[in-house]
Amino acid sequence: MIAQWVMPILLVQCVILLANLWHWKRRRVLPIAGSTHHLPKLSVLIPVRNERHRLPRLVCSLRQQQYTPLQIILCDDGSDDGSTEWLRDNLPMYPEGQMCWFTAPPKPDGWVGKNWACYQLAVRAEGDWLLFLDADLLLHEKSLASIAQTIADIGENPSCMLTAIPALRARNLPIGLLKAMVPFSVFTLLPLHFAERHPHPAFAFANGQVVAFPQAYYLQIQPHQQVHSAILEDVQLARVVKATKGRVWIMDGRRLFEVSMYDSFAQAVDGFSKNAVAICGSVSGAIAVSIALAAVYLLPLAEALLTGVTVWHIAHYTLGSVLFSLSGWMAGLPLWYGLLFPIGVCIGEGVLWRSIGWYQRGEVRWKGRTYRVC
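Under the working numbering, residues 38 to 411 are what the sequence shown spells out, in order.
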């Protein structure tokens with residue numbers, strides 16, 4: 038019976054998830070209360086490509102911050118949707134003003150656009166810490182102060198990277214179930230304690246939407262140069278840090294940031310197709326993951342439909358629902374998504390095979406650009 042044989046795998050995932058829930062409680066970042074005069078100087082650095090409809094909300098949330106960073110710089114990475122014009126009309130050009138923008142120089146061959154924009158932003162940063170934020174984030178009015186306080190609490194560790202997980206928001210259920218596959222994969226398989234401390238690259242993890250480095254450490258290791266061709270740059274950045282024996286801090290930023298990333302299901306499928314094979318490490322790795330997902334989560338349910346429901350099938354569905362619910366909750370998604378975990382896995386399987394097709398073809402398309410992949 039398939040359901041009986043896969044139960045040990047689900048139980049191991051439950052142990053990892055419980056350990057991560059305990060770890061997550063200690064990594065919660067809450068909005069700061071009190072004075073902000075003692076906080077370190079931040080350079081807030083935001084790459085922008087084709088975010089015209091999000092820029093007004095982003096800039097408004099930045100202007101409402103109760104803590105004033107040293108500088109906020111946006112880099113327009115060759116937008117063609119009106120983002121450039123909006124920035125020109127609403128923000129001063131770099132280096133005028135505490136919040137300003139500039140256009141990235143032409144991207145060299147071999148660079149992924151976001152990595153090139155982040156590198157250009159870092160060149161212009163003057164803060165004690167460099168905080169890279171994605172343009173699709175929505176910030177709480179105390180977000181920057183709270184991140185600065187977290188950095189101060191970390192102490193004087195000169196070789197580290199901080200990353201935070203925002204609250205995931207979805208415009209509809211299919212997008213939400215697809216997004217839920219990410220925390221499901223991370224929080225039930227990757228012990229966060231190892232992700233922070235263990236030097237092996239297999240335990241590397243970061244969320245590229247919120248990443249921060251001490252300026253001196255960034256200038257020393259030049260992480261975006263090292264990962265310049267990486268489609269999935271955040272995990273690679275964590276590997277660069279681990280290679281230098283640095284520490285990765287993974288924070289719960291649900292109270293500080295929200296992100297909705299995709300406006301349609303088709304856009305979400307494209308976005309996850311861009312990253313899926315890179316997350317698995319290779320096309321062969323993605324195929325192995327696809328087979329494992331089907332064997333562990335879908336075949337027992339198919340068996341129940343064909344041969345009848347047993348106590349093993351009920352236990353399998355219950356544990357799968359719990360894993361999907363709690364891991365999604367750790368990223369701000371509704372607990373009831375867990376009841377629909379078979380649908381989420383099916384959507385994930387479709388995206389995974391679409392990604393395999395892209396990588397087999399040798400190119401990935403995203404935001405009007407085509408990148409060669411091996």
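Even glycine gets a Cβ: it sits at the ideal position worked out from N, Cα and C.
Query, Result
"When you compare the region 293-305 with the region 231-243, are there three or more beta-carbon pairs, one atom per stretch, that lie closer than 8 Å?", "no"
"Beta carbon of Asn312, beta carbon of Ile268: below 8 Å?", "yes"
"Output the distance between the C-alpha atoms of Pro106 and Trp166, rounded to the nearest integer angstrom.", "10 Å"
"Determine the direct distance from the alpha carbon of Tyr374 to that of Ala162, and round the result to whole angstroms.", "41 Å"
"Three-state secondary structure (DSSP) at Val81?", "strand"
"Quick one: is Ala189 buried, meaning 16 or more other Cβ sit within 10 Å of its Cβ, or exposed?", "exposed"
"Taking Ile380 as the reference, which of Val248, Arg398 and Gly357 has the closest Cα?", "Gly357"
"By the 10 Å Cβ neighbour count, where 16 or more other Cβ atoms means buried, how is Thr344 classified, buried or exposed?", "exposed"
"Determine the DSSP secondary structure at Asn69, reduced to helix, strand or coil.", "Sequence check: residue 69 is Ile here, not Asn. Coil."
"Under 8 Å, do Val43 and Ala275 count as touching if we go by C-beta distance?", "no"
"Using the three-state DSSP reduction, which class does Arg292 fall into: helix, strand or coil?", "coil"
"Straight-line CA distance for Val81 to Ser301?", "28 Å"
"So, at 6 Å on beta carbons, what are the nonlocal neighbours of Val248 in its own chain, with the 5 sequence-adjacent residues on each side left out?", "Phe169 and Thr200"
"Assuming contact is defined by CB atoms lying nearer than 8 Å, are Leu214 and Leu377 in contact in what I supplied?", "yes"
"With a floor of 3 residues, list each beta strand (DSSP E) that falls wholly inside the region 79-137, ordered by position along the chain.", "79-85 and 108-113"
"What are the complete alpha helix (DSSP H) segments, minimum 4 residues, inside the region 148-217?", "150-160 and 180-191"
"Out of Phe224, Leu175 and Trp286, which has the shortest C-alpha to C-alpha gap to Ser362?", "Phe224"
"What do you get for Trp138, buried or exposed, if any count of 16 or more other CB atoms within 10 angstroms of its CB means buried?", "buried"
"Taking Ile69 and Ser183 to be in contact with their CB atoms under 8 Å, please state how far apart those CB atoms are, rounded to whole angstroms.", "5 Å"
"Rounded to whole angstroms, what's the CA-CA distance from His177 to Asn127? Just pull it up for me.", "21 Å"
"Should the region 51-60 be called in touch with the region 225-232, which here means at least 3 C-beta pairs below 8 Å?", "yes"
"Locate the beta strand (DSSP E) running through Phe427, then write down its first and last residues.", "Nothing can be reported for residue 427: it is not among the residues displayed for the chain, which extend from 38 to 411."
"Could you check how far apart the C-beta atoms of Ala243 and Asp289 are, in whole angstroms? I think they sit under 8 Å.", "No, Ala243 and Asp289 are not in contact; Cβ-Cβ is about 14 Å, not under 8 Å."
"Would DSSP call Arg64 helix, strand or coil?", "coil"
"Taking contact to mean 3 or more Cβ pairs, one atom from each stretch, closer than 8 Å, check whether the region 114-126 and the region 150-160 are in contact.", "yes"
"Using a Cβ-Cβ cutoff of less than 8 Å, which residues in the same chain neighbour Trp366 once the five nearest sequence positions on both sides are dropped?", "Leu372"
"Please return the same chain residues whose Cβ sits closer than 6 Å to the Cβ of Ala40, not counting the five positions on each side in sequence.", "Pro337, Trp349, His350 and His353"
"How long is the line joining the alpha carbons of Leu360 and Met38, rounded to whole angstroms?", "21 Å"
"Looking at the secondary structure, which residues open and close the alpha helix (DSSP H) in which Tyr354 lies?", "Val348 to Trp366"
"Thinking C-beta only, is Ala159 closer than 8 Å to Pro84?", "no"
"Less than 8 Å between the beta carbons of Ile191 and Tyr299, yes or no?", "no"
"Can you tell which of Cys155, Pro143, Leu124 and Leu342 has its C-alpha closest to the C-alpha of Gln259?", "Cys155"
"Count the other C-beta atoms from every protein chain shown that fall within 10 angstroms of the C-beta of Ser319, then say buried if there are 16 or more, exposed otherwise.", "exposed"
"Locate the beta strand (DSSP E) running through Thr344, then write down its first and last residues.", "Taken as a continuous stretch (DSSP letters only), Thr344 belongs to no beta strand (DSSP E), being part of the alpha helix (DSSP H) at Leu336 to Thr344."
"How would you write the range of the beta strand (DSSP E) that Trp403 sits in, first residue to last?", "Glu400 to Trp403"
"Helix, strand or coil: which one does DSSP assign to Tyr408?", "strand"
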